[in-house]
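The sequence shown: position 25 = 85 (the working numbering), numbered continuously. By construction, the Cβ of each residue, glycine as well, lies at the ideal position given by its N, Cα and C atoms. Step one of this worksheet: look at the structure below.
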Amino acid sequence: MNTLNELKVKAKNLPKRLMAVVKAEDEDVLKAVKKTREEGIVDAVLIGDKAEIKKISEQIEFDFDGEIIDEKDPIKASLIGVELAKEKKVQALMKGLIQTKDFLKGVLSGDKSLTGGRLLSHVAVFEVENYPKLILVTDAAMNISPDLIQKYQIMKNALQVTKILGIEMPKVALLSAVENVNPSIPSTLDAAIISKMAEREKLKALVDGPLALDNAISKEACEHKGINSAVGGDADILLVPDLISGNILYKSLVYFANAKVAGIVVGAEVPLVLTSRADSDESKAYSISLAALMGN
Numbered sequence: 061m062n063t064l065n066e067l068k069v070k071a072k073n074l075p076k077r078l079m080a081v082v083k084a085e086d087e088d089v090l091k092a093v094k095k096t097r098e099e100g101i102v103d104a105v106l107i108g109d110k111a112e113i114k115k116i117s118e119q120i121e122f123d124f125d126g127e128i129i130d131e132k133d134p135i136k137a138s139l140i141g142v143e144l145a146k147e148k149k150v151q152a153l154m155k156g157l158i159q160t161k162d163f164l165k166g167v168l169s170g171d172k173s174l175t176g177g178r179l180l181s182h183v184a185v186f187e188v189e190n191y192p193k194l195i196l197v198t199d200a201a202m203n204i205s206p207d208l209i210q211k212y213q214i215m216k217n218a219l220q221v222t223k224i225l226g227i228e229m230p231k232v233a234l235l236s237a238v239e240n241v242n243p244s245i246p247s248t249l250d251a252a253i254i255s256k257m258a259e260r261e262k263l264k265a266l267v268d269g270p271l272a273l274d275n276a277i278s279k280e281a282c283e284h285k286g287i288n289s290a291v292g293g294d295a296d297i298l299l300v301p302d303l304i305s306g307n308i309l310y311k312s313l314v315y316f317a318n319a320k321v322a323g324i325v326v327g328a329e330v331p332l333v334l335t336s337r338a339d340s341d342e343s344k345a346y347s348i349s350l351a352a353l354m355g356n
């Protein structure tokens, strides 16, 4: 796939998924649910303040005739969503008007946890005008300062998304500030070790690093620096060193490059849609479409 619209088209051609929206009394979220529901991508169970949900739905002309579960308390609403996912009644969960920590409290809670001990990580899929294909950035939202083993799992979580996108041999660039191993820059050491780990495990992916961002996405930069890399200049996945660098890259792509983006959290039993209030309706709809594909 080269565009997010292709992702949406693929989601339309599959059986409609059922998604639970936790604290759904949010206009932007309901607009995205309305859009993807009308396009036949998802149906929804709305959890939250029922009166407010109905009020907002009327304002945006959303004739929702599905199930609304009345629960004003955010933690209890999150737990209801998790229970629906545990019972396999829904195939995805979406965060509405609720703080991320409260939403995840339900996902991570005790014997009701949806993680099974797995690491959760955020995967953003970008459509950038001057890049010839979709490119993934991970992890820009969940893990603050992941260690070596966590980075390896973050990479493997992202590979689940590339599989859904139909990328048979994804190219993973392990980002740092430079392309040479430097003991003074720990992320370069992690990148070199992860590359070897992937080789030993025989992952169905080409993994290389450390690579600076320019080397990861520009063949010209690689040629200029004399870098011979199967990944360089053609990356499918950009694995960032930490949340700070990932967050800056994510927002730079959105605000400077006007990139379109879909984002989900991977690692739970069902995909989690954690959109930001700053995300456009279009971005939220793309994220729901991606979750529908992951939950298929």
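Close CB contacts of Lys-279 within its chain, under the 8 Å cut and outside five residues either way in sequence, are with Gly-292, Gly-293, Asp-294 (chain order).
The beta carbon of Ser-312 sits closer than 8 Å to no other beta carbon from its chain once the five residues preceding and following it are set aside. Under the three-state reduction of DSSP, Pro-243 is assigned to coil, being neither helix nor strand. The beta carbons of Val-333 and Gln-151 sit no closer together than 8 Å.
Val-232 sits away from Leu-273, with the two beta carbons spaced by 8 Å or more. Between the region 88 to 107 and the region 68 to 79 there are three or more C-beta pairs closer than 8 Å, enough to call the two in contact. For Leu-179, the secondary structure class from DSSP, reduced to helix, strand or coil, is coil. By the 16-neighbour rule on beta-carbons within 10 angstroms, Arg-337 is exposed.
Around the beta carbon of Pro-243, fewer than 16 other beta carbons lie within 10 angstroms, which makes this residue exposed. Here the alpha carbon of Ser-138 sits roughly 29 Å from the alpha carbon of Val-314. Contact between the region 317 to 330 and the region 182 to 192 is established, with three or more Cβ pairs separated by less than 8 Å. Residue environment analysis places Asn-217 among the buried positions, since at least 16 neighbouring C-beta atoms fall within 10 angstroms of its C-beta.
For Arg-77, the enclosing beta strand (DSSP E) starts and ends at 77 to 82. Spatial neighbours of Ala-251 in its own chain (CB-CB distance under 7 Å, excluding positions within 5 residues in sequence) are listed in chain order as Leu-234, Ser-236, Gly-269, Pro-270. Under the DSSP assignment, Ala-111 falls in the alpha helix (DSSP H) whose first and last residues are 110 to 119. Here Met-202 carries a coil assignment [DSSP, helix/strand/coil].
Within the region 295 to 332, the runs of alpha helix (DSSP H) that reach at least 4 residues and sit entirely inside it are, in chain order, 303 to 315. Of the residues Ile-214, Val-82, Asp-88, the one whose Cα lies closest to the Cα of Ser-343 is Asp-88.
Taking C-alpha positions only, Asp-162 is separated from Gly-156 by approximately 11 Å. In terms of Cα proximity to Gln-159, the closest of Gln-213, Tyr-346, Ile-135 is Ile-135.
Rounded to the nearest angstrom, the gap between the Cα atoms of Asp-341 and Gly-286 is 43 Å.
Residue range 64 to 72 is occupied by the alpha helix (DSSP H) that includes Ala-71, with no beta strand (DSSP E) assigned at that position.
Per DSSP, reduced to three states, the secondary structure at Gly-269 is strand. For Lys-231, the enclosing beta strand (DSSP E) begins and ends at 231 to 235. For Lys-264, same chain residues with a beta-carbon under 7 Å away, outside a window of 5 residues either side, are Met-229 in chain order.
In this structure, DSSP gives Met-154 an extended state, which the three-state scheme calls strand. Counting other Cβ atoms within 10 Å of its Cβ, Gly-306 reaches 16 or more and is therefore classed as buried. Per the C-alpha coordinates, the member of Lys-193, Ala-145, Asp-296 positioned closest to Leu-168 is Ala-145. Ile-129 and Ile-101 have their C-alpha atoms spaced approximately 21 Å apart. By the 16-neighbour rule on beta-carbons within 10 angstroms, Arg-77 is buried. Take Lys-193, set aside five residues on each side of it, and the residues of its chain with a beta-carbon closer than 6 Å to its own are Asn-62, in chain order. The C-beta of Gly-108 has 16 or more other C-beta atoms within 10 Å across all chains shown, which makes the residue buried.
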